[in-house]
Each structure stands twice: as C-alpha cells, then as structure tokens.
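Protein chains in written order, with our numbering: chain F, 1 to 454; chain R, 455 to 908; chain Z, 909 to 1362; chain C, 1363 to 1816.
There are 4 protein chains.
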Amino acid sequence: MTLHPEDLRVRQLGERRYDSPLADLLSTKQTSPHYVAEGDRVLLEDTVSMLAGHGLPSDQVPSFEAAGPRRKIYFDPANVTAGVLTCGGLCPGLNNVIRGLVQELAVHYGVKRIVGFRNGLQGLTAQHRDDTVELTPDAVRDIHTAGGTILGSSRGGQDADEMVDSLVARGIDILFVIGGDGGMRAATFLGAAIRRRGLEISVIGVPKTIDNDLPFTDQSFGFQSAFARATDFISAVAVEAAASPNGVGIVKLMGRHSGFIASYAALAANAADIVLIPEIPFVLGGAEGLLAHVERHVRAKGRVVIVLAEGAGQDLLEDHGLATDASGNLKLGNIGELLKDSITAHLTGAGLAPTIRYIDPSYAVRSIAANAYDSVYCLRLAHAAVHAAMAGCTEAAVARWRRRFVHVPLSLMTSRRNQVDPDGDLWLSVLETTCQPAEFGPARQRERVRAGFC
Amino acid sequence: MTLHPEDLRVRQLGERRYDSPLADLLSTKQTSPHYVAEGDRVLLEDTVSMLAGHGLPSDQVPSFEAAGPRRKIYFDPANVTAGVLTCGGLCPGLNNVIRGLVQELAVHYGVKRIVGFRNGLQGLTAQHRDDTVELTPDAVRDIHTAGGTILGSSRGGQDADEMVDSLVARGIDILFVIGGDGGMRAATFLGAAIRRRGLEISVIGVPKTIDNDLPFTDQSFGFQSAFARATDFISAVAVEAAASPNGVGIVKLMGRHSGFIASYAALAANAADIVLIPEIPFVLGGAEGLLAHVERHVRAKGRVVIVLAEGAGQDLLEDHGLATDASGNLKLGNIGELLKDSITAHLTGAGLAPTIRYIDPSYAVRSIAANAYDSVYCLRLAHAAVHAAMAGCTEAAVARWRRRFVHVPLSLMTSRRNQVDPDGDLWLSVLETTCQPAEFGPARQRERVRAGFC
Amino acid sequence: MTLHPEDLRVRQLGERRYDSPLADLLSTKQTSPHYVAEGDRVLLEDTVSMLAGHGLPSDQVPSFEAAGPRRKIYFDPANVTAGVLTCGGLCPGLNNVIRGLVQELAVHYGVKRIVGFRNGLQGLTAQHRDDTVELTPDAVRDIHTAGGTILGSSRGGQDADEMVDSLVARGIDILFVIGGDGGMRAATFLGAAIRRRGLEISVIGVPKTIDNDLPFTDQSFGFQSAFARATDFISAVAVEAAASPNGVGIVKLMGRHSGFIASYAALAANAADIVLIPEIPFVLGGAEGLLAHVERHVRAKGRVVIVLAEGAGQDLLEDHGLATDASGNLKLGNIGELLKDSITAHLTGAGLAPTIRYIDPSYAVRSIAANAYDSVYCLRLAHAAVHAAMAGCTEAAVARWRRRFVHVPLSLMTSRRNQVDPDGDLWLSVLETTCQPAEFGPARQRERVRAGFC
Amino acid sequence: MTLHPEDLRVRQLGERRYDSPLADLLSTKQTSPHYVAEGDRVLLEDTVSMLAGHGLPSDQVPSFEAAGPRRKIYFDPANVTAGVLTCGGLCPGLNNVIRGLVQELAVHYGVKRIVGFRNGLQGLTAQHRDDTVELTPDAVRDIHTAGGTILGSSRGGQDADEMVDSLVARGIDILFVIGGDGGMRAATFLGAAIRRRGLEISVIGVPKTIDNDLPFTDQSFGFQSAFARATDFISAVAVEAAASPNGVGIVKLMGRHSGFIASYAALAANAADIVLIPEIPFVLGGAEGLLAHVERHVRAKGRVVIVLAEGAGQDLLEDHGLATDASGNLKLGNIGELLKDSITAHLTGAGLAPTIRYIDPSYAVRSIAANAYDSVYCLRLAHAAVHAAMAGCTEAAVARWRRRFVHVPLSLMTSRRNQVDPDGDLWLSVLETTCQPAEFGPARQRERVRAGFC
C-alpha cells in the first residue's frame, strides 16, 4: 500500500461552528489504547519494518515479536513430548484450543506424544501427574462442539518445583498452559523454576479470560461467545420487566474487575437502561444516585433493566469479603442481592412496588461452546502457540494485538489488567445507548434521558 | 503503557537447529497487511502522538483521521435534515446501522428530521424521491431483530446530478450511504457533484460488503454473522457426505473476488477438506490437479467436502459470462455446477460413483439478522458516522482499522480490494486445517494429507 | 380407513419365556391417560361417529365437542367487539395466541373492534378498564417474534361483578382469557356472573401453563419451547460438573406441582443423573436416600447432575412457607438451596468436597419466543378459540386432546391437575435414561446404575 | 377420570343465527383422521379397556397393540445379538434412535452384542455383511448431537434371501430397520423370508420419514426439527423479497407426495403468501390461475413469498420424469425451476420485472440434529422398539398414534400414505393464514385476500 499522508486526508465542509451536545462527555479524553483523541491520527502501518521506511528508529520503539511458523525450529519434532493443561474458570473455546494444539503438533510437526494433564495445575502435582489423558487427533476430533474442557480444570497454586519435577518425570519438552490470571502467574513461576534448573523445557501460555481483562489482547478467546450468550439473559429480564407493572429486570454478569461483558452485552442486546461496571463507582442514595434514577425511569417508562458486572459497586458492600479464594482472587460480595433489596425497598417506598426479576446466568454463559468467530480465533491462536513452542520460545504467551498474532513475555500478561476505560470509546457508546448519566453520584453530569428512545 | 523495547523481548531457549516441516510454505512470505515476516515486529502503539515520542516524524507517515465525537461541530443540529439509504446486496446488520444512525442523530444530537430513501440510489431519482420513509427512534426501535433492510435496496447507477437535485429538493444536509463497492463509487461521484455545485451537504459512506473485500477495514460489518451462518451449510453437506458411500459435499459461498467467507467458514466448521477461492487459481486435471486430489481423498476417507467461493476458478469456465450486471459487476459463471459435473464424471470414471450434495445457500446467509458482535459493531460504526457528519466531514467513509474507528476518503474505499493473501497467515491456517496442497496444479507442493486427522 | 381388527394384529415369534429385567418396574401399572397396560389396546378411531359403526352407544360415552368453524354462527361479525387479556406467569406463545386471535377475528370474520386489556384481570377493574390497547392486524403483525406478552400480565383475583361491569361498559361481546389455573378459575367465575345477569357475552379460555399441569390437554402451548430451552441449562451444569473434581450440577426448573418440564428436559438433554419431581417424594438420608445415591454416583463417575422441579421435595422443607401468593397459589420453599446445602455437607463429610454449580434459569426459560412447533400450535389454538366464540360457545376452553382440537367446559379445566404419572410411560423413560432408582427411600428398588452408560 | 357425558357438555349462548364467512370452506368436510365434522365428538378415552365399560364390544373394533415393556419376554437377553441399520434419506433423529436402541438393549436388558450394519440394506449383502460397527453405550454416547447417521445409509432394494443369509451368518436375533417407505417395504419382505425359513429372528421397523407421509403416526420423528429449520429459509426469502422492488421469494421444501413440511413451516414462519403442495393441484394460467394471483399480490404488496413442496404441480411438468430411482421412488421434475421461469416471464410481461430469490435448502434441513422434542420422541420410540423386539414381536413397526406408543404390522406401514387432507383442519389453517384461494384454477373460490394482513 504505497499511500502518501495526503491520500488519507478527509475532506471537511468548513469550520466547525457549534458546540456539540456531546462536548461535556469529551472533556477528559486523551489518546490511550481505548481512545484516540481529537486531532491525533491512527497509523496506516503497524510493523517496525513498515515504519522504518518512514523514519522510525526501530530499536527504540516498543514492539512485539510476531508469532507464526519459523523456517528453523528448536526442537526435533520426532522426539518431542508436549503437555497441555487448562486451569481457572470455564470459558468458551478451551476445547478448541486443545484441539488446535494437538492438530498442529501431530499433523503438521509430526509430534508423536501429547499428554493432557487433568484438572489444571493440580495435574502437575506428584500425586496426580500420572493421571493423564493421551491426546491424539482422533481423540480431539469433535471436542470443540462441546463447552467446558475435556481436561478438567481447577484453581489454586501448586509448588513450582514439584511441578517441574512432574514435567521432568514425564519427559515433557513443551508445556502449554491454557489459563487466566492465576494460570499465567503460575506459568511464569514455572518457567523461572525451569530456567533456574537449566532445563530445556518450553512453557507457553495461552491466555484465557472470559472477562477480557488480560492486557495486550484485542479480545480474549471466548469473549465474543460469552457476551453473545449473555445478551439472551438481558432480553429475558427485559421481556419480564415489560410484562409486569413496575417491572425491574436485573442481570448479573461476569466481570470481577472489568466490565467488558456487561458493556458489550448491553450494547448488543440494546435493552439495558443502566449498566454498572467495576470501573465506574456509583452511589445508591441521593438525588443523583442510582436509586433516584431507577425511580425516575420506572415512573417514566413503567420499567427498568439493569446490567451489572459482578465486581461493580464492591465498595458499597459493607461486608465486602476480603477473603481470597484458592487462586488468590478476591472474593466478591453479592452486589446483585444488594441492588435487588435496595431497589425493592426504594420503589416500594416511592409507591411503585416493583416486580423484580433477577438472574445470575454465569454458569450458563461460560459453559457454552465457542461460536464461529471464537472457533477460528482459538484455532489460529493454538497454531501460533505451537509455532512459538517448536521454535524454542519460552516464558511467553501468544496473543492478538491489533489483529496481529504476537508473542508477549509471560510476566507481562499479569503485570497489568485490561479494563473498560471510562474515557474510552466503548464506554462512550454504552452511555450513548443506555442514556444513563456518566456517573451516579453527587457530581454526575446533567440528566440525558430523553423522550422516545432511551 | 510505559514499556521499553526490552520489556517486550521474549525468551528463547537456544539456537534453532532443525528445519521446520512447514518451511516450504514460508518461502515467499513477507510483511504485508496480512502477514508479519519472521524477524519483523509489531508495534505496541498505533497513533501518531504515541509514536512521536519515539521519534516518528508525524507529518511524513500515512495515517487516518480518528473517528469519534468532536467538541465543535459543523451543523446546527436543530436545523439538520439527514437522509439515509441502503444499496447493493443484503448483508447482516443493515437495519442495525440504520437504527444506530437514527438513535444517535435524534437522541444525542437532537436532529428532528431523518428521511429514509427507498430502494437504494433509485430513491434519489426524480421519480422516486418523494417515496420516502420518516425515520424516528420509535420507528426503528426493533428493526435490528430482522435481517434485510427496512429501506429496501437495489443495484445500479443513477445520474449524480439528478441525485443532487433530489437532495436539494428534500433539503438534505447529510446523506448516509450504506452500500458496497457500487454504493461507495456512487457516493464518491455524488460528493464530487455536490462539491462542484458548492453545496454544503455532507456525504458519509458506511461501507457494506458481506465478502469483506473493501480495504482499510478489519472486517466489514455482517461478515462474522455471515460466515458463522455459512458454517451450518458446511456441516450440512459434511453430514450428508459422511452418510453416503463416496459422498461428496459442495457448498458454494459468497465471494466474487475475495475468499474470506469461504476461508473463515471452513476454519470455523472444521469439516472442509478443500477450500477454493478466487485468489488461488486451480487446475482440474492432471496428477496434481483438483480432480485427482478429490479422487485420492474419496478413496482414502470415503468422502470429501469442498467449500467454494463463487468467484473461484472463473478462468476454468469456458463460457465465463463477461456481461456486467446493473451495478457494473462482472457476472460470474457457475463454478459450482462445473465442479459438480466434473467431479461426478471423474469419480464415476474412477469406479467411485459418488453421491453429490451441492448447495448454494447465499440468500439464506446474507438475509439473517446481525449476531451479537456485529450488532455492537454496527452500532458503534453508526455512531462514528453520525459524529463524522455532524462535524462536517464529507466524501468520507467510516471504517475500523486495527480496532480503531477512522475516517477514510471515500475514493480510497474503491481504489483497491481486500483479498485473501496467498502468503498471509489466514490462508496458511486454512492450509494447516484442511491439509489440502498449497496449489492444485503442476507445480503444487508435496501432498500433505496425513493419516488420522486431515 | 376400513381396517378390520385382525389387520392390526402384530405377529409374535412365540411364547414369552423369560422374566424381563424390567419386570419389577411394571408391577403396579394399569391403563390410564399416561399408560396402556399390557394386554390392553389403543383404538384406531377416536370419534363418536367413527365408533358408532362399531357398536358404541354414542350417548353414554364421555366425549368432547369438536372445535372448528361452524356453518352458522351466533354473533354478527360486523357488530362484534372482542376483548383479549393475558394473565399469570409468562409462557412462550402468549403473543402468538394474541396475534392468531386478532388475525382470525379481523381477517376472516371481519370483526372491526378488538380491545386488549392491560396487565391481566387487573385490566378489567373499574380503575384500569380504559387503559386498553387497540389490537389490529398491523399492530400484532410481528409480535410473535418476541417472548412475553404485549398486553402485560398480573396475578391475583378481581371481583367478578366489577369485571362484568367493565365488559358491559366497553361493549364487549366476546372475551378471550389467556391464562393459567388462576385465569381459568377467574374466567369461570366471570362466565357464571355473566350468566346470572343474563348477558350475551361469550367467555372463552385459552389455557396457558408452562408446567403442562392443566388437564385435557396433550401438551400446553409453550411447553415444548420451554423444555427445549431448559435443556441448555442442564447441559451447562453438566459441562461445569464435568470440568471440576467432584462436580455437582443442579438445575431448578419450573414445576410447582407437575414435573413435566424437568422430565422432558432431562430426557432431551440426556445429561441428567437424577430427576426430582413433585409427584415422587424422596428421602435425603439413609442408605437408600438421595444423599447416599449422590455420594455413590460422585464416587463412581466423579460428578453428578441433578434436575429438580421447583415443587419437588416440599415436605422436606421445615419452613415450607404455607403463605399463598396473590393468585392463591401456595408459595414454595426453595428446595434448590436445601439440596445444595445438604449435598455440600454430605459430600464434604464423605471426603468428596464438591464444586457445586446451581442455577435457577426460570425467567430465562419462560420469557423466550415460541419455537416453530408452538407457533403453529398457538395459531391453530387461537383460530379454534375464535371459531368457538363466534359460534356462541361460552364458559369453555379450547384444548388439544389426543391431537384433536376440542371444547372443554371451563370449570373442568381447574377441576383436576395434569401430573407426571409415577406409573406412566414418561416416568418409566426417565428412569430408563437416568438409571436412578424408582424411589429414594427405605423401600426403594434395587440399585440399577450400571457400568458404562448411566 | 370418572366423567359423565354431560360433564363435558359446553355451554352455548343461544341459537346460531348468521352464516359464517367461512361457510364455503366447510361444505365438503366430514370426519376423518384429519378432521372432526360439526356435530361429531371426540372420545375422552382411547383404549379398549376404557371403552369396554361404556359398552364397546372390544373384539369388533380396530385397535393397536400397546407398545411398552412386558413382564415376560421371548429372548434371553444374555444370548441376544441385535443388529441395527438405517436406510433412505437423512432425517433428524437417526442417531438418537440408534443411541436409544443401544442404551436400552445394553443397559436395561443387558444385551452384550449389538452390530451396526453400514450403509443401509447394502450392509446386509454378502459383500458387505462383515463391514460392521460394534455398537456399545460408550460408542454412541454423544452421537445424538450430530445430524445424519453414524451407520451411513443408502437407497435401493437387496435380495431378501441374501439378507437373511447375512443375519444368520452374523447370528442376529433381532434386527432393527430404521427407514422410510423403501426400508419398511424391504423389512416386510425380509420378515416374510425369515418366516418362510422358520427362523426365530425378530424384525422391528422404526419408521422414518421426514415428509411425515407414513400412516398410523402422529408425526414422524425428525419432522418437527425439519419444519422448524425450514422456517428459516422461508424467513430468508421473505427478507430478500421485501428488500427488492417486485421481490419474489420461492422456497422448495421436501415433500414428494405430502405437503406437511411446507404446510407446517408456512404456518410457523407466517411469512408465506402461497403454499403449494402435492395434494392440491393447481393451474398456472387464466384469471384464476396461480400466475394471475401472484401478479395481483405483487401489485398490491410489492412482493410475494411462495412455499413449495417438491412434489407439487407434477402434472404441470411436461417432462415429468417417470423414471424411478434406486429405491423405486418416482423421480420428480423440478417444479421450482418451472415456477421461477413462469413467474419471471409472467411478471415481466405485466411490467413488474421481478427480483426472484429461489432456494432449495433440503440438504440443509434434513441433515440437522434432532431438536429437544424429537430427541425425547426418538428416545422413547427406540425404547418401545427394544421392548417389542425383546418380547418377541416381529414384522412390526413401532409408532405413535394419538400420543400412545403402539405396534403396527409392518405391511400396513406401506399400505397407504399419510397426506395433507384438503378437507382437514391443517390445510384450513394454512388457507386462513396465507389468505390464498382454496384452489388455483377455474373453479376456485372467491378471492379472499383482504386489506392489511394477508
């Protein structure tokens, strides 16, 4: 694409003369991974070699190693034993990734032995290391039609050295860890332990997070399947809310720290009146609080539909459960129940005794099979993981960054968290679609619920 | 993200010592929009402002104007009349875009009059310009649940000046053209005619192509819905082929010039043995030709499943119909029928009289409603289009480029075509999944069908 | 079909010599609406006129009036005003019935005025009687694509005479009540009140029950849609249970008094290990109790999936909440929570600390749109209801009895309840499929869980 | 249910005074399996024992043997070898039936050897009889999630004695033939040959017909899945037709001799304007012919949607292809193409040059997996087939008759054909829904297309 900067210039009718009605939503916005500020521009090209021709000094700019097959590889395929495990909560696509790994290893590289460890990292403990599944192309042929994982999963940390012992005992040359936060952290420790012991074992992470909260990842695999399924439940409570006087529908969706599923599902279903996510704190009481907004909405439209990420409003829960679960995740208090009770009390007090329909469909969302898009994505991600491993990469994750498959150092995958940017364009779209105020609380912006649509 | 280049360095176990079994697929590959060559790297950051800090001279590098709301706008919303039309073939998401435009115009900018022109550009002819639909938030509230377009569509070119007359007659300030190749070309001419006449009418294109063949677009809206639906038909003929001795399943999918739907659907369904696309010519006869491969496959596995883009193998059709349709598109000969007949003759001659199951499901694919992902995408694209128009952009299309919404000069949208790169990673994934040879013909590479999986 | 008894005789190879392994399941079975005993036979023909030729004295045998159009009708269509309302819980198909009524009344009979009363019987109170919706073919054209009811619903009884006053005030000649138990009872009272006042108003019930618990009905409309959707949730918890060590999946489905949804969904999903329904009491403790069976199952297979009707095991709930809701239905205690807690305690005590996945998807099941079968069924039922009303029937419900559409006196519809027959062939199929014991408790039959399948 | 005739009497407001607008549709109707005439009544009870108490002489009335388990059985399960085969075209549910047979035989009766013959009756030829599949509960556990048949299928007749030889050679005691017309006929011949040779082999048919054209069957398994899927294609062409000026959508569905799929799918989709089935001949030309009606419809509404059974209008095809296929079925000429061409010519001649969207989705309909209802139905039918066989029944089919499972002599299953009754209530519903005339031709009844809805 030999294009000159001026080729990409867009025509403008003339000077901009009017204040935009949306201007007050824009005041704090600047360029970020989730927003391009007014006046900034998006590069046509995205690789070091492409930009070098335009004067970019290639050694000073942060960039990712491209994923993909290499002409020369590190391992002799005929002598490789690969291991695979899945850990953390379920997510659509786990079986697709397993299947893609096995297909690529066996069919294209000719790897003969592929071992599936059962129930996540637990499968690498001394006690369980021999309870494995042999993974062959035949054994995995149709597994992608089912949700879940044929290998089982679990949460929680095991001793890195005990796990390395298992790898050595089983003669593993390459280990694929398909997992989330916890799994990537464990894989990082495992890789370090392997390095300390001078072993030539490649550890490759395939990051999994239904919440889409891992960094350096366009959208995590399974995310699209998950939010698509979640829309069904928003529609369900919207139908319920519409069928009862003062109907209130509440759906609690996944999202401990990041409200992506809630945001995308709400945009797709287009039936949500309020979206609450962990990134945007909210206040219940007061004239600008959530309850007053709910009341105004029910009074005006006869109903309200609320989509809630499980991690939203945690500060509101007096008993906010600081205990950690086996994987070291904070346990969340149940914001759904709190809202249900608060809204019932508030609306009843306001003479609008509601019919509340509350559902938490998480298991029914995360256990589905991958949709067509995620099937392709998982397959290609698995191929990339195999190429990385066979080429001798280690302590690396495969990821998709702005539609390119890349290698990311494992430790980086847990160094930060992907979240909905309150100043990004996704959240702006949510606000535009729900017409909810930018914030619920004393400082919130002017009410923008308008007649007819929102 | 303050990351240094070395932070993104991935660890390598050691020197790469073995030739990869995939090496011969890699010989010709170099960095392109569809591939990142070995050794090249993908930039972490993607905007001019982000890269400027790393020494990129911003005025010399091709880049897109970011889409999104502006603080100051060109039109006074209270006095704006907007027009909307859809043209070209059906595509999932048309109604979602219409709905998103109306919602954003009416609710957020407060535009009062939105006119829908019927049946595409035909609606801008003098004869039909008054046969319009009034578009209000109420009228479009639920239209996204249905496929097709509430405005109707048509193909074919109208006189640009007659169309400008209609816009003037109807007092249109902003025209949104949701259309494909033909529509974008017409919008370009229309914009030029408006410019020549010194009118202050903004023309904004929302590019639509179920084939995903428009440039500067990650994936066109409706594409994911379409290929997901297409997988059902691959599965259908795969089931049929498996249930009959010498079963041959053939699905002809959309794709006049670009085999994206065929490729993605084949990857998602994972039941295709052969994928044929316009970008990769193939030979029928000879030991390395398609028919011999089909025969070998049927002999080995008892069946074969072929996914075919409608534009594949056009050179093979003696009567290749060079007539153009009303939009100026080349008419394609029916490669599906040719294959059906050739394969029947060949296999019968080889003593493998086949049961052929051939289906062309195009209408059933393109007429569905948008899935959850495309629903969100269409909504955000529509919002971007409205922001562009209200800000006074014109002769521009809105597009998504590496996950950023951008403005692209309209004329560029038809200046080139997005195609499956035979050296890109998508096609590589197809080859890895189907195990078909890289080419059917004399020069094709060694057979890679292996036992057990492919 | 002129067939003689001997034409229908089936050939038998010879004398039956062996005891069936299933014999002990058969001991108590006799002919009933849900079972045909060994030796009994099913009639080829099913109408009075058909059987009269075979010597059946037609006036002594219980039979239903056939539904359908009549050559002569009672009302002058040109002067008829019809009313429609929906009451009770949501059920797939409500909008289809509304639509079918309006279509048949308006298009085929030419009725001009059709009034929709809002929010069930509440809409017939003096306070709300004027808050109505005008129902025209145009207004209802696409409503069947959505679940719920465009008329709204509510529970609870209103004064019959006040409701008659509303009918008179609004000039209603025909009232269609689409509702459940409570609705049919209210319609019965309403019909009686009309009769007492000598009014010529027809009251026709269209029985609605997602639980399939109304009598004289093959399967209530929406039932198939509902149990089909319910299978998704059984699959979900089955996937979850399979992915965790000692995984326990529990789904609580609708079914206050009748376990049809639980039974059918379990048969369709084919992933349930235990089905618990109101008709079959069960014991938790003891060697033959539910908990011991669950423990054995988890020990043998590593997991268990339980499908539970909400009304199952109510006797086990100490606090069994005898309060009645607004419609006079008994309020049920939450057997799902009880089971969850009991199983957790029991398995933990047995050294099998479980991962429990419990979901109550009721709102997500009952709010869906009707599937294809129910769409046809609702349409035909609505047509039958209109024919009945126009012919002057009153205090009648339309129903489908052994695949014939019939009229049933309204009072009969609430005189008994359709339940799963513990001695019927449906429950036998459930036992055959789950391999659960016929009963959980001291007297239960021998364990029949066998290797490999169950 | 001790109910007296008077309990079932429905109240009537008074004398019927007006001629029904529908009266002329009723003139020829009388009681049949598809209609209950005005004045006739439907029996509450349906078995010989139940009716005996009401004076029905049980030995003179045609009745079916009830299906179900028997206390005493003919075969010793420990020594039984069962065979299974599927023949004829694909139909949703084949794998469910196979799975249900294997489950019941192995788990409940303890049968050890179950042999699957491949590719239908071809699998019983001397040449192929050893190419079998061993069917175990494990092997069939998940096969119901896929369409088609794991055993393969074929059409066409084999020599009965050769097939008996195969059964003897393989030691088969029980053979289950899952097939259509051709399969039931072959099974009849096979049973007769076994009888002639004095062998103790049970032959049990499980009738399969996606067209629903076999007699003594409420609805054949797979039928509901099939017509549900077919509605998608009606919706597709309806969307297409609505999006083009003078849009004409045509869907050709299965139905060689019986228009059930076309009728039910049209009722469910509710988008069809014209339904054409084999049972109702039609005329193309003339003022009352189909083409004139199509023209009127397009002129009035701008579009028309036609649903067509493949066997409709065969008399119109000059070249009506009287050759028979391998199973002895008449080959049908392509009525879809004829209609497409005739309508194009007619409308073009009338100045309404159409956009025609024609699709024949048969393979995509018949290859799907069974839906939830059919899954339950297939399972129960398979259970009934096993009970019949183990009890020593032979030359019998299992069927569902008015919701009871019964045994039907095999020869009867092919003695007549189930068709849409032009005087039955199903076709009446189609006419009411489409508003098409009762017949296309000189004698057709008055036009009933009315404003607004039809």
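Cβ coordinates follow ideal geometry from the N, Cα and C atoms, glycine included.
Along the length of the segment 1067–1096 of chain Z, whole beta strand (DSSP E) runs at least 3 residues long occupy 1082–1087, reported in chain order. H1016(Z) has no beta-bridge partner at all, per DSSP. In this structure, the beta-carbon distance from F675(R) to Y831(R) falls below 9 Å. In this structure, G180(F) and L94(F) do not form a Cβ contact; the two beta carbons are roughly 11 Å apart against a cut-off of 8 Å. The C-beta of S481(R) has fewer than 16 other C-beta atoms within 10 Å across all chains shown, which makes the residue exposed. If you look at L1246(Z), you'll find it isn't in any beta strand (DSSP E); it sits in the alpha helix (DSSP H) that goes 1243–1257. Selection G1711(C), G1675(C), G1713(C), A1707(C) evaluated against G1695(C) yields G1675(C) as nearest (Cα-Cα). Taking 7 Å as the cut-off between beta carbons, none of the residues of the segment 146–164 of chain F comes near chain C. For A1605(C), no CB of chain Z lies under 9 Å from its own CB, so it is not counted at the interface with that chain.
Straight through space, the alpha carbons of A1707(C) and P1499(C) are spaced by roughly 57 Å.
D686(R) has a beta carbon lying at 9 Å or more from every beta carbon in chain Z.
Rounded to whole angstroms, D7(F) and H54(F) show a C-alpha spacing of 15 Å. Proximity of N334(F) to chain Z, defined by a Cβ-Cβ separation below 9 Å, is not satisfied. Residue contact with chain Z for D592(R): absent (no Cβ-Cβ distance below 9 Å to any residue of chain Z). Burial state of Q1327(Z) is buried, judged by a 10 Å Cβ sphere holding 16 or more other Cβ atoms. Per DSSP, the unbroken alpha helix (DSSP H) holding K301(F) starts and ends at 290–301.
Using a C-beta cut-off of 8 Å, the segment 842–861 of chain R makes contact with the segment 636–647 of chain R, since at least three inter-stretch Cβ pairs fall below that distance. Taken atom to atom, the span from the alpha-carbon of F1124(Z) to that of T1053(Z) is near 28 Å. Taken in chain order, the whole beta strand (DSSP E) runs of length 3 or more contained in the segment 1738–1798 of chain C are 1758–1763, 1766–1771. Within the DSSP bridge table, the entry for Q60(F) names no partner. Under the 9 Å criterion on CB atoms, R299(F) is classed as non-interfacial with respect to chain Z.
Counting the other CB atoms within 10 Å of its CB gives A1715(C) a total below 16, which places it among the exposed residues. Between the alpha carbons of D879(R) and A1346(Z) lies a gap of roughly 57 Å.
Close partners of P1269(Z) in chain F (Cβ separation under 8 Å): I359, P361, A364.
DSSP, read as helix, strand or coil, puts D1504(C) in coil. Within the same chain, A975, I1112, A1304, V1306, H1315 come within 7 Å of A1296(Z) by CB-CB distance, once the 5 residues on both sides are set aside. Secondary-structure assignment with DSSP links T1263(Z) through a beta bridge to G1155(Z). The beta-bridge partner set that DSSP reports for V1111(Z) consists of L1083(Z). Shown here for L428(F): same chain residues with a beta carbon closer than 7 Å to its own, the five before and five after excluded, namely L25 in chain order.
Looking at the backbone, the Cα of A272(F) and that of T433(F) are separated by about 8 Å.
For D1421(C), not one C-beta of chain F is nearer than 9 Å to its own C-beta. In this structure the segment 1072–1089 of chain Z touches the segment 1101–1120 of chain Z; the number of beta carbon pairs closer than 8 Å is three or more.
Sorting A1177(Z), V1213(Z), F1135(Z) by C-alpha distance to the C-alpha of G1157(Z) places V1213(Z) at the top. Looking from the CA of R1728(C), the closest CA among W1763(C), G1803(C), G1617(C) belongs to G1617(C). Between the beta-carbon of S1515(C) and that of A697(R) there is about 5 Å, and that keeps the pair under the 8 Å contact cut.
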